[in-house]
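What follows is a short report on a single structure.
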Amino acid sequence: MPSAFVTLVWAAIIGDVVILLQYRRGDGYVAFITRMRQTNCFRAPMYPHSGFWGGSDLFEQRQKATRNGNMQALYTRHFAALGKTWQEKFWNQRIINTMDSENHQYIHSLGFGDFSKPNQRMKISAPILGNGIFVAEGAHWKSSRGIIKPIFARAELENMAMMVKHVNRFIKLLPRNSKAFDIQPLLKRMNLDISTEFLFGESVDAQTPEGAPIADKFSWSLEASLTGWHKRRSVGLLSVRYYFDKSWAEAYNDLYRFIDSHVYRALNLTSPSAISEEASHSVGDTSRYILLYEMAKEIRDPISLRFELINVFLPSRDTTGALLSNMFFQLARHPKYWYELRQTALSLPFDASDPSALTCSALKSLLPFRYVIQETLRTIGPVGRVFREARKDTTLPRGGGPDGTSPVFVGKGTIVYSLPYHIHHDKDIWGDDADGFRPERWAEGTRKGWQFVPFLGGPRICPAQQQVMLQATYVLLRVVLEFEWIENRDEVHEYVELQRMAIESRRGVQISGVGGT
């Protein structure tokens, strides 16, 4: 039996915790009353939790939805029942979920200074992302953004010839003659080749027999690192149970070794003491723009450069790869748009396989292709939800009151999830067919500003959005020219989600097609 002293100690500890929680609850109430009198704000509707531990019911539902690949459907049911903005509790953490486009705009732009990346979530991601641009805050984030954004702006089409080379390899690997195949892993390999050459200066050549083994090992490290990160991120404070999983550490240490080999090469090439005619040509040749070399001119610490590179590489690889796969997923299920795209492609006045014939304006002028890409981003975009933490007491523009149009109180420390997927499926914005794939809606009049946010928006908008759109346009153009038609060969018609840094199809993208003439 425990001694009386130990019992007293535990009683004191529990008592202190209860007092602290009550104080925080009371302090939050005072802040809410004060703000309510100033702005006429309300609390968002509360999810009707059940069970002893606060929020464990929703946690269990989301764990199950993640396993089944239908997380967005779960959120859809909750929004239908509670409104476009509602709150929940997980332990003592207050969380607000919103699919309101005005709230999204405030969180990521108009009220940008009121929010930051959640500190606890950032600690969980530290072994993968460090303090790079994706997770950094304040002066460090501004410094990283100031270095990386201009690099992407200058590199828009400087590497077109490089991209064409890898797309040519991809085209040769596509099965013909109505043979069923999964195009998703082929797209991933192609995108890995493009990303590594643009970012590192050297491709892993994942599409060649010689490069495939190295690329496979690198891809395993990436996937295992992201899987471990997602598990920890999805359970929040409960992630301590994963700390004894050595396989995650092995995966991200393998990732470090691969990235660091390129980092040290770039630092040597850009070192003032290593200037030579050969090195000068490697760094200064404007016909070959390498992001890592440009970053190395500004960031000389190898660990900082490693994490900045990972922060740029992972979203680039995952977002573009998921977009390309989702695009073919939709077109295989909506074949009439394939025929329309093919007619457009066959009437082009230039050779799409000739890098010298391609210009930025030529690709941007292919409006039917752009409409398909935008509709893919809208219907099954790679970003499901984005989270921020309130730095101070603030309000969201809408979601409170009897009709949901009044401001919503957001107390300091509250986690706010904005969900682009559900903004893009809002019938008040997109009409009764919001869940349907209909690219022509973009020709009828595109929605403005914050109603379409596949690349987030505001100061943290994705700096590579133009590169993503151009690459997707070019890949789609080349495949449309190769195949007279494609069709779905998956017995499951619905999209089954796999949660990574970006959402992708868990079942792959099973298609078949017949080569064109």
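In terms of UniProt numbering, the sequence shown opens at residue 1 and continues consecutively.
All residues carry an ideal CB built from backbone N, CA and C; glycine is no exception.
Quick one: is E60 buried, meaning 16 or more other Cβ sit within 10 Å of its Cβ, or exposed?
Numbered from 1 along the sequence shown, position 60 holds the residue referred to as residue 60. Around the CB of E60, fewer than 16 other CB atoms lie within 10 Å, so the residue is classed as exposed.
One question on the structure: do I95 and I423 come within less than 7 Å of each other, judged by their Cβ atoms?
Start at 1 with the first residue of the sequence shown, and residue 95 comes out as number 95. Start at 1 with the first residue of the sequence shown, and residue 423 comes out as number 423. When the beta-carbon positions are compared, I95 and I423 stay at least 7 Å from each other.
What residues are listed by DSSP as bridge partners for A390?
Counting from 1 along the sequence shown, the entry for residue 390 is found at position 390. BP columns for A390 point to F115.
Would V204 count as contacting chain B if we go by Cβ distances under 7 Å?
Absent from the structure: chain B. Only one protein chain is present.
Would the region 429-445 count as touching the region 366-373 if we require 3 or more Cβ pairs under 8 Å?
Segments in contact, yes.
DSSP beta-bridge partners for S505?
On the sequence shown, residue 505 is found 505 positions in, with the first residue counted as 1. BP columns for S505 point to E497.
Let's see if you can read the secondary structure: which residues bound the beta strand (DSSP E) around residue 528?
Only positions 1 to 517 of the chain appear in the structure, and residue 528 is not among them; the question remains open.
Can you list, in chain order, the residues of its chain whose CB lies under 6 Å from that of D351, leaving out five sequence neighbours each side?
Counting from 1 along the sequence shown, the entry for residue 351 is found at position 351. Correct list, in chain order: A357.
Note down, one range per segment and in chain order, each beta strand (DSSP E) of at least 3 residues found wholly within the region 68-94.
DSSP runs (the beta strand (DSSP E)) wholly in the region 68-94: 85-90.
Simplified DSSP state of Y106, which is helix, strand or coil
As a first step, residue 106 must be located in the sequence shown, where it is residue number 106. It is helical.
Taking all protein chains shown into account, do 16 or more other C-beta atoms lie within 10 angstroms of the C-beta of D435, making it buried, or fewer, making it exposed?
Translated into the one-based positions of the sequence shown, residue 435 becomes position 435. Exposed: under 16 other Cβ atoms inside 10 Å.
I want to know whether the region 253-264 touches the region 299-318 - three or more CB-CB distances under 8 Å.
They touch, by the three-pair rule.
Between T379 and the ligand MN, is there a pair consisting of the residue's CB and a ligand heavy atom that are separated by less than 6 Å?
Ligands in the displayed structure: none, and consequently the ligand MN is not present.
Mind checking whether T66 and S418 have CB atoms under 7 Å apart?
By 1-based counting over the sequence shown, the position of residue 66 is 66. By 1-based counting over the sequence shown, the position of residue 418 is 418. One thing to note: T66 has its Cβ no nearer than 7 Å to the Cβ of S418.
Going by DSSP in three states, Q510 sits in which element: helix, strand or coil?
As a first step, residue 510 must be located in the sequence shown, where it is residue number 510. In the structure shown, Q510 sits in a strand (DSSP, three-state: E or B).
Beta strand (DSSP E) runs wholly inside the region 353-407, at least 3 long, in chain order:
DSSP runs (the beta strand (DSSP E)) wholly in the region 353-407: 386-390, 394-400.
Helix, strand or coil, according to DSSP, for R24 in the structure here?
Taking the first residue of the sequence shown as position 1, residue 24 is located at position 24. Caution is warranted here: a pLDDT of 48 is assigned to R24, below 50, making its placement in the model unreliable, and no coordinate value can be reported.
So, R398 versus D100, is the Cβ gap smaller than 7 Å?
Mapped onto the sequence shown, residue 398 falls at position 398. Mapped onto the sequence shown, residue 100 falls at position 100. It is a contact, given that the beta carbons lie within the stated cut-off.
In or out: A139 buried (at least 16 other Cβ within 10 Å) or exposed?
Taking the sequence shown and counting its residues from 1, the one referred to as residue 139 is at position 139. Here A139 is exposed. Its C-beta has fewer than 16 other C-beta atoms within 10 Å.
Taking the runs of the beta strand (DSSP E) that are 3 residues or longer, which of them lie wholly in the region 146-215?
None, since the region 146-215 contains no complete beta strand (DSSP E) of that length.
How is R438 classed by DSSP in three states: helix, strand or coil?
As a working note, residue 438 is residue 438 in the sequence shown. It is coil, neither helix nor strand.
If you measure between the beta carbons of T39 and T395, is that distance less than 7 Å?
To locate residue 39, count along the sequence shown from 1; it is residue 39. To locate residue 395, count along the sequence shown from 1; it is residue 395. T395 is positioned such that its CB atom lies closer than 7 Å to that of T39.
Quick check: A44 and V408, are their CB atoms within less than 7 Å of each other?
Against the sequence shown, residue 44 aligns to sequence position 44. Against the sequence shown, residue 408 aligns to sequence position 408. It is a contact, given that the beta carbons lie within the stated cut-off.
Have a look at L363 and P185 and give me their C-alpha separation to the nearest angstrom.
Against the sequence shown, residue 363 aligns to sequence position 363. Against the sequence shown, residue 185 aligns to sequence position 185. Inter-residue distance for L363 and P185 is about 25 Å (C-alpha atoms, whole angstroms).
Contacts around M501, its chain only, beta-carbon distance under 7 Å, and the 5 residues preceding and following it disregarded:
Reading the sequence shown from its first residue, position 501 is the one you call residue 501. The residues L226, L314, P315, D318, in chain order, have a CB closer than 7 Å to that of M501 in the same chain once the five nearest residues on each side in sequence are set aside.
Going by the beta-carbon positions, is the gap between I128 and Y264 smaller than 7 Å?
The residue you call residue 128 lines up with position 128 of the sequence shown. The residue you call residue 264 lines up with position 264 of the sequence shown. Going by C-beta atoms, I128 is not nearer than 7 Å to Y264.
Taking the beta strand (DSSP E) that I310 belongs to, which residues open and close that run?
Your numbering for residue 310 matches position 310 in the sequence shown. Taken as a continuous stretch (DSSP letters only), I310 belongs to no beta strand (DSSP E), being part of the alpha helix (DSSP H) at 302-333.
Considering I290, what are the terminal residues of the beta strand (DSSP E) in which it resides?
Within the sequence shown, residue 290 is the residue found at index 290, counting from 1. In the DSSP assignment, I290 falls outside any beta strand (DSSP E) and carries neither an H nor an E.
Rounded C-beta distance between T344 and F437? I'm assuming under 8 Å.
Translated into positions along the sequence shown, residue 344 becomes position 344. Translated into positions along the sequence shown, residue 437 becomes position 437. 18 Å between Cβ atoms; not a contact.
Same chain only: Cβ atoms within 7 Å of A31, ignoring 5 sequence neighbours per side
Here residue 31 is taken as the residue at index 31 of the sequence shown, counted from 1. Here the set comprises D393, G411.
Whole angstroms is fine: what's the gap from I503's alpha carbon to N191's?
Locating residue 503 in the sequence shown gives position 503, where the first residue counts as 1. Locating residue 191 in the sequence shown gives position 191, where the first residue counts as 1. Answer to the nearest angstrom: the Cα atoms are 16 Å apart.
Rounded to the nearest angstrom, what separates V514 and V383 at their Cα positions?
Position 514 of the sequence shown, counted from the first residue, corresponds to residue 514. Position 383 of the sequence shown, counted from the first residue, corresponds to residue 383. Annotation: V514 to V383 spans about 32 Å, alpha carbon to alpha carbon.
Between the Cα of M327 and the Cα atoms of G111, G508, A80, which residue gives the shortest distance?
Locating residue 327 in the sequence shown gives position 327, where the first residue counts as 1. The alpha carbon of M327 has as its nearest neighbour, out of G111, G508, A80, the alpha carbon of G508.
Reduced DSSP secondary structure (H/G/I, E/B, other) of T344:
What you label residue 344 is simply residue 344 of the sequence shown in a count that begins at 1. T344 falls in the helix class under three-state DSSP.
Give the secondary structure of L40 by DSSP, where H, G and I count as helix, E and B as strand, and everything else as coil.
As a position in the sequence shown, residue 40 is number 40, starting the count at 1. This sequence places Asn at residue 40; Leu is not what is there. Of the three classes helix, strand and coil, the one that applies to N40 here is coil, per DSSP.
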